Every structure is written in structure tokens, then in C-alpha cells.
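Asker:
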Amino acid sequence: RDYMMIDGIPVEINDEKNLLELIRKAGIKLPTFCYHSELSIYGACRMCMVENEWGGLDAACSTPPKAGMSIKTNTERLQKYRKMILELLLANHCRDCTTCNNNGKCKLQDLAMRYNISRVRFPNTASEPDVDDSSLCITRDRSKCILCGDCVRVCSEVQNVGAIDFAYRGSKMTISTVFDKPIAESDCVGCGQCALACPTGAIVVKDDTRKLWKDIYDKNTRVSVQIAPAVRVALGKELGLNDGENAIGKIVAALRRMGFDDIFDTSTGADLTVLEESAELLKRIKEGKNDMPLFTSCCPAWVNYCEKFYPELLPHVSTCRSPMEMFAAVIKEEYSTSSKRLVHVAVMPCTAKKFEAAREEFKVNGVPNVDYVISTQELIQMIKESGIIFSDLEPEAIDMPFGTYTGAGVIFGVTGGVTEAVLRRVVSDKSATSFRSLAYTGVRGMKGVKEASVMYGDRKLRIAVVSGLKNASDLIEKIKSGEHYDLVEVMACPGGCINGGGQPFVQSEEKEKRGKGLYSADKLCNIKSSEENPLMMTLYKGALKGRVHELLHVDYAA
Ligand code: HC0
Ligand code: SF4
65 RDYMMIDGIP
75 VEINDEKNLL
85 ELIRKAGIKL
95 PTFCYHSELS
105 IYGACRMCMV
115 ENEWGGLDAA
125 CSTPPKAGMS
135 IKTNTERLQK
145 YRKMILELLL
155 ANHCRDCTTC
165 NNNGKCKLQD
175 LAMRYNISRV
185 RFPNTASEPD
195 VDDSSLCITR
205 DRSKCILCGD
215 CVRVCSEVQN
225 VGAIDFAYRG
235 SKMTISTVFD
245 KPIAESDCVG
255 CGQCALACPT
265 GAIVVKDDTR
275 KLWKDIYDKN
285 TRVSVQIAPA
295 VRVALGKELG
305 LNDGENAIGK
315 IVAALRRMGF
325 DDIFDTSTGA
335 DLTVLEESAE
345 LLKRIKEGKN
355 DMPLFTSCCP
365 AWVNYCEKFY
375 PELLPHVSTC
385 RSPMEMFAAV
395 IKEEYSTSSK
405 RLVHVAVMPC
415 TAKKFEAARE
425 EFKVNGVPNV
435 DYVISTQELI
445 QMIKESGIIF
455 SDLEPEAIDM
465 PFGTYTGAGV
475 IFGVTGGVTE
485 AVLRRVVSDK
495 SATSFRSLAY
505 TGVRGMKGVK
515 EASVMYGDRK
525 LRIAVVSGLK
535 NASDLIEKIK
545 SGEHYDLVEV
555 MACPGGCING
565 GGQPFVQSEE
575 KEKRGKGLYS
585 ADKLCNIKSS
595 EENPLMMTLY
605 KGALKGRVHE
615 LLHVDYAA
């Protein structure tokens with residue numbers, strides 16, 4: 065076994081990539097701005113410096129651990145050094161923390177607090193706000209940027225989009241789009257992963273809560289809401305529960321207290337999607353045309369990506385609307401005779417859903433079926449504003465008439481979930497053992513690329529599940545060079561919606577807890593397969609009769 069000394073204590077080296085990981089394993093919270101375990105090492109912020117045995121300074125993020133090494137993480141010199149970096153950053157940073165959109169979530173604020181920075185010895189050279197509000201998904205303010213490059217690396221390395229990059233040199237250095245165009249006119253697909261990675265308020269989720277509060281308070285408006293699968297396992301931690309804990313009952317209770325009139329679960333919409341998407345898959349297989357593999361369509365950042373980078377693949381993208389849009393169309397239809405003005409809200413882990421909701425395809429007479437998309441982060445904000453003590457809430461049930469959903473719908477929120485739900489629908493053996501074995505076909509787990517095969521009659525269905533758009537584009541290239549699949553599930557965010565751009569930021573281990581939380585929620589559902597949801601039959605015989613195409617489908621290729 066290999067050991068090294070950290071602050072005089074021996075620590076075992078396993079497969080840690082760098083000193084930083086080992087130091088964190090040893091229980092020391094070394095500060096960083098530009099380190100993300102999933103991204104390449106940039107080593108620019110210098111916050112993670114440690115002192116070696118010869119008195120030299122090494123960046124822990126870019127130094128591999130070696131047996132026999134001895135380092136110190138907290139010396140007088142290091143303290144001074146870190147304080148100096150923080151003061152230099154603060155000298156060039158707007159300090160209106162109390163009115164910043166990222167107040168309380170900012171790493172710079174957090175580290176200034178941790179290092180007890182009570183004054184800055186340098187003159188304030190912060191620039192005026194430089195806000196790009198053009199995107200429906202994210203808001204940028206370059207004056208709050210500390211040039212850590214996290215957004216640039218996530219956008220190119222994880223998402224293969226490259227909408228933003230460093231521009232200019234020296235003191236003029238900034239993060240910009242091509243020709244400095246507004247972000248909405250760039251290649252940005254709205255995934256929000258840059259906002260999740262940004263340590264300050266330079267890129268944040270677009271805030272739509274102010275307008276929504278007005279509609280909630282308006283007595284002549286009936287406000288319905290649907291809650292996406294991944295939200296329930298991600299907001300608890302900020303509100304006094306554990307990350308990964310299923311908080312759906314408390315969310316419902318909170319929304320009711322806040323004044324929402326009708327509260328539903330997007331998992332019900334997901335059951336509709338399962339039925340439509342499996343029918344589409346089987347139809348395409350039967351017809352044997354040149355439109356295989358079938359790509360899933362429920363992730364709006366993926367749809368944007370496909371439109372911008374692979375338009376020739378659009379005929380392969382499922383014509384099924386996303387669960388959010390299917391359900392919204394049904395809900396608006398159900399309440400169309402209400403005497404009040406209707407507003408429908410979707411609480412989503414996603415920033416790109418804000419864009420999806422505004423697409424022309426999902427408007428009726430110019431009015432969107434989903435009037436507001438509120439991210440998990442915004443919901444947390446609204447709950448805090450309401451003064452509700454979330455952890456004390458008694459869980460409540462969602463409303464009728466759309467009060468039933470299945471485990472298949474709930475697992476949509478984690479990578480591989482859509483596929484597993486579709487497989488439950490298409491396999492002929494519906495026993496518990498058969499469903500349990502589907503979980504072991506390779507569709508589960510946090511890996512960015514997964515493959516599975518399942519028998520359908522005498523035919524072997526080949527399936528690929530990818531999350532992260534770089535993984536999607538690699539797979540597309542593989543398919544273009546001849547690899548065959550029947551079904552490809554794409555989620556833009558690594559790990560699926562549980563790690564959506566609108567969720568609170570967590571480290572990798574905690575993401576897994578969110579996935580586990582959804583699989584546990586599935587276990588608690590007494591109905592596991594979408595076609596057994598009794599509401600589906602009612603809908604297909606009622607509101608959807610003769611209108612399935614109109615209400616549940618869309619043609620992105622048109
Ligand atoms: Fe997802 Fe969805 S699973 S995209 O990640 O498909 O956002 O949670 O709501 O629509 O159901 C997000 C999550 C959804 C949709 C569902 C799908
Ligand atoms: Fe890149 Fe996604 Fe951020 Fe757009 S939202 S700039 S695509 S990371």
C-alpha cells in the first residue's frame with residue numbers, strides 16, 4: 065500500500081488522479097474555483113496551492129500523489145496567499161452580494177467568508193454590470209466573471225457545443241460568444257451546465273419567479289402546476305432534508321400553501337410518452353424504413369443540439385412531445401372551460417425546458433401550453449420567500465383527476481430511465497422478475513455511454529443510452545460509420561435530468577444519491593408499467609380520442 069503525509073497524517077493513496085482528490089478524501093476542504101472532477105485541469109485559480117517539504121508551492125489539482133510525499137495544506141504562507149488571491153478577485157468584482165441573483169450560492173462569497181476577508185487592500189476596479197439577457201434559459205453578467213473558465217470547458221468538453229470561449233488577452237480577457245453576439249444568437253442549446261459550473265453570479269438560471277408570483281396572487285387566474293421527476297430528489301438538501309431524499313409529498317404541500325390551484329406530477333405525462341414512444345418504436349421497426357435508430361425527443365437541449373449540429377438526423381428523432389408538453393396539452397384541454405384565465409406551470413430540473421415551452425410548436429392560438437417553467441433552484445427560492453419550513457411540512461398527495469402515475473414515469477429523471485420505461489412496455493413478460501432483470505441489462509448507472517440489448521419476439525433490440533452531448537455526438541459518429549441501434553436515449557445533462565442545469569449544484573457522489581432516490585421512488589409505486597396506469601385508458605377514451613396526433617406529437621423535422 066502507498067501512503068503520503070498530509071499535514072503530518074499518513075493518508076493511503078488509491079486511484080486518486082491528483083493531490084486535491086486525496087486531500088479532500090482526508091477530510092480537508094481545500095478551496096478551488098476552477099476544479100471540476102469531470103473537466104480537464106485548468107489550474108488557473110491557484111487557490112488549491114499546497115506547500116511541499118522543500119517549502120515550494122504546488123497546485124494540488126495538477127500534481128499527482130506519490131508515495132512518500134509530504135505536504136501541508138494550511139500554513140501561514142498559504143493562508144496569506146489565499147487571502148491575497150481572494151482580495152485581488154474581490155477588488156475587481158461587484159460586491160453587491162445582497163442583490164445578486166447568486167446570493168448565498170456563490171463560491172467567491174463563500175470563500176471570502178471562510179477566509180474572514182473583512183477588507184480589501186486594493187482599489188475597487190469592478191466594471192459596470194454587463195448583462196446578456198437574450199437567452200430564455202440563462203442570464204450572463206460578465207462583470208461578475210472571475211475567468212475560471214469552468215463554463216468554457218463544460219460547454220466544449222462535456223457538451224461539445226463551444227458556444228462560449230475566452231476572448232482577448234491580459235487585462236481585457238473575457239468570456240465571449242463568436243463575434244460577441246448575444247448568447248441567444250450563438251450555438252448555445254440552453255442546457256444550463258455552464259450556470260451549474262459557474263462559481264459566481266456570472267451565469268445564472270433565468271429567473272421567472274417574479275412574473276409567476278403575480279399570476280399566483282391574481283384571483284382571476286387558475287394556476288396549475290406539474291412537477292418533473294428529478295425535482296423531488298434534488299431540492300431537499302437546500303431545505304433541510306438529505307440530497308436524494310424523495311420530497312414529492314412535501315413539494316405538493318408547499319405548492320398548495322403557496323397558492324397553486326391544481327398540482328400534478330410530470331410522471332403522469334411520462335406514462336403517456338412511454339405509450340406513444342413504444343408504439344412509434346415498434347411501428348418503425350415493423351416498417352423497416354430508413355429512419356432507425358429512433359432517438360428519444362424528451363430532452364429539449366438535445367433537440368436543440370440536433371437541430372443545430374445534426375439537422376439531417378431530425379427524421380430519426382421521435383415525434384413524441386416531451387412528457388412536460390404532452391401533459392400540458394392534456395391539462396389545458398381539461399380546464400379549457402374554466403371561467404378563469406388559465407396559467408400552467410412546470411417545475412423542472414432543466415433550463416432548456418424554458419426554451420421548449422416557448423417553441424411555436426407548443427402554442428395554441430399564440431398561447432403556450434406551458435406558461436412558465438420554473439427550475440428547481442427557482443422553486444427553492446419561492447419556498448424560502450414564502451417562509452414555509454419545508455422540513456416540517458406534512459406530505460400531501462397530488463390532485464385528481466390526474467393523480468396516478470407509475471414507477472416507469474418516475475425513473476424518467478435519471479439516465480436510462482426512459483429506455484427502461486419503454487422496455488417495460490414492450491416486453492411480453494410483465495412479471496416482477498422480468499422487470500427486475502431489465503434493470504440489469506445495462507441501462508442503469510451514471511456512466512455517460514451505456515449499451516443494452518433486449519429480446520423483442522425473435523428480434524434482438526440494440527439500445528444505446530447516452531448523457532452529455534459530447535457522448536451523444538461521439539455515438540452519432542459511430543452510427544454514421546455503420547453501427548446499428550434500434551433505440552438511442554439522449555439526455556444532454558451528464559447523468560440525466562437529476563443533474564439538470566436548473567438543479568442545485570452537487571458533487572458527483574451526491575448525483576448518484578439522486579438517481580438512487582428515483583429508483584427507490586419507483587420501488588414504492590405499486591404500478592410499474594405505464595400501460596397499467598388506469599388514467600391512461602380514461603384519457604385515450606376521452607380527451608385524447610381522435611386527437612392523439614394533435615395533442616401528443618410534434619414534428620421537429622418539418
Ligand atoms: Fe426530465 Fe422529462 S425526465 S426531460 O429529465 O422525458 O427536465 O425530471 O420532466 O418532459 O418526465 C426534465 C426530469 C422531465 C420531460 C419527464 C422526460
Ligand atoms: Fe454551453 Fe449549455 Fe451554457 Fe449554452 S447553456 S453556453 S450550450 S453550457
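Mapped onto our numbering, the consecutive letters of the sequence shown carry residue numbers 65 to 622.
Built from N, CA and C at the ideal position, the CB exists for glycine as well.
Small disclaimer: the values here were computed from a predicted structure and weren't measured.
#1: Pull up the distance between the alpha-carbon of Pro-387 and that of Leu-150, whole angstroms please.
#2: For my contact list, Ala-292 and Pro-413 are in at a C-beta cut-off of 8 Å; report their separation, rounded to the angstrom.
#3: Please state the DSSP three-state secondary structure of Asp-538.
#4: Rounded to whole angstroms, what's the CA-CA distance from Lys-347 to Met-356? Just pull it up for me.
#5: Buried or exposed: which applies to Pro-263, given that a residue is buried once 16 or more other Cβ atoms fall within 10 Å of its Cβ?
#6: In terms of DSSP beta bridges, what is Ala-294 paired with?
#7: What is the C-beta distance between Ala-485 and Gly-473, in whole angstroms, given that I count them as a contact (C-beta under 8 Å)?
#8: When you compare the segment 252 to 259 with the segment 357 to 371, are there three or more beta-carbon pairs, one atom per stretch, that lie closer than 8 Å?
#9: Is the beta carbon of Thr-203 sitting closer than 7 Å to the one on Glu-442?
#10: Is it buried or exposed, Leu-94, if we count other Cβ atoms within 10 angstroms and call 16 or more buried?
#11: What would DSSP say about His-548, mapped onto helix, strand or coil?
#12: Could you work out which residue in Cys-125, Glu-115, Lys-89, Thr-241 is closest to Tyr-106 when comparing CA atoms only?
#13: Tell me whether the segment 69 to 81 and the segment 128 to 147 touch, counting them as touching only if at least three CB pairs, one residue from each stretch, are closer than 8 Å.
#14: Is it the case that the CB of Phe-476 approaches a heavy atom of ligand 1 more closely than 6 Å?
#15: Please work out which residues of its chain come closer than 8 Å, Cβ to Cβ, to Ala-176, disregarding the five sequence neighbours upstream and downstream, and give them in chain order.
#16: In whole angstroms, give me the CA-to-CA distance for Val-316 and Ser-288.
#17: Check whether the segment 225 to 243 and the segment 194 to 214 touch, using three or more Cβ-Cβ pairs below 8 Å as the test.
#18: Sorted by chain position, which residues of the same chain lie with C-beta nearer than 7 Å to Ala-190's C-beta, five sequence neighbours on each side aside?
#19: According to DSSP, what are the bridge partners of Ala-528?
#20: Could you spell out where the beta strand (DSSP E) holding His-408 opens and where it closes?
#21: Could you name the residues of the same chain whose beta carbon sits closer than 7 Å to that of Asn-310, not counting the 5 residues immediately before and after it, in chain order?
#22: Can you give the beta carbon distance from Cys-384 to His-617, rounded, assuming they're within the 8 Å contact cut?
#23: Can you tell me whether Arg-508 is buried or exposed, with buried defined as 16 or more other CB within 10 angstroms of its CB?
#24: Could you give the C-beta distance for Asp-307 and Lys-577, rounded to a whole number, given that I count them as a contact under 8 Å?
#25: Short check: CB of Leu-358 to CB of Leu-345, under 7 Å?
#26: Is the beta carbon of Thr-468 closer than 7 Å to that of Leu-603?
#27: By Cβ distance below 6 Å, which residues in the same chain neighbour Lys-301 in space, the five residues on each side in sequence not counted?
#28: Within the chosen definition, does the segment 415 to 422 reach the segment 556 to 575 through at least 3 CB pairs nearer than 8 Å?
#29: Leaving out five residues before and five after Ala-607 in sequence, what residues of the same chain have Cβ atoms less than 7 Å from its Cβ?
#30: For His-100, which residues in the same chain have their Cβ closer than 8 Å to its Cβ, ignoring the five residues on either side in sequence?
#31: Quick test of the definition: if touching needs 3 or more C-beta pairs under 8 Å, does the segment 77 to 93 touch the segment 110 to 130?
#32: Measure the alpha-carbon distance for Leu-83 versus Ala-496 and round it to whole angstroms.
#33: Around the Cβ of Val-529, are there at least 16 other Cβ atoms within 10 angstroms (buried) or fewer (exposed)?
#34: Please classify Thr-163 as buried or exposed, where buried requires at least 16 other C-beta atoms within 10 Å of its C-beta.
#35: Among Glu-192, Val-482, Lys-511, which one has its Cα closest to the Cα of Leu-502?
#36: When every heavy atom of ligand 2 is checked, does at least one fall within less than 6 Å of the C-beta of Gly-606?
Answerer: Short version:
#1: 45 Å
#2: 6 Å
#3: helix
#4: 11 Å
#5: buried
#6: Partner(s): none; Ala-294 has no beta bridge.
#7: 7 Å
#8: yes
#9: no
#10: buried
#11: coil
#12: Cys-125
#13: yes
#14: yes
#15: Leu-150, Leu-154
#16: 12 Å
#17: yes
#18: Asn-156, His-157, Cys-158, Ser-207
#19: Glu-515, Val-552
#20: 405 to 412
#21: Arg-296, Val-297, Gly-581, Ser-584, Ala-585
#22: 6 Å
#23: buried
#24: 5 Å
#25: yes
#26: no
#27: Asp-307
#28: yes
#29: Val-394, Glu-397, Glu-398
#30: Asp-214, Arg-217, Val-218, Ala-261
#31: yes
#32: 46 Å
#33: buried
#34: exposed
#35: Val-482
#36: no
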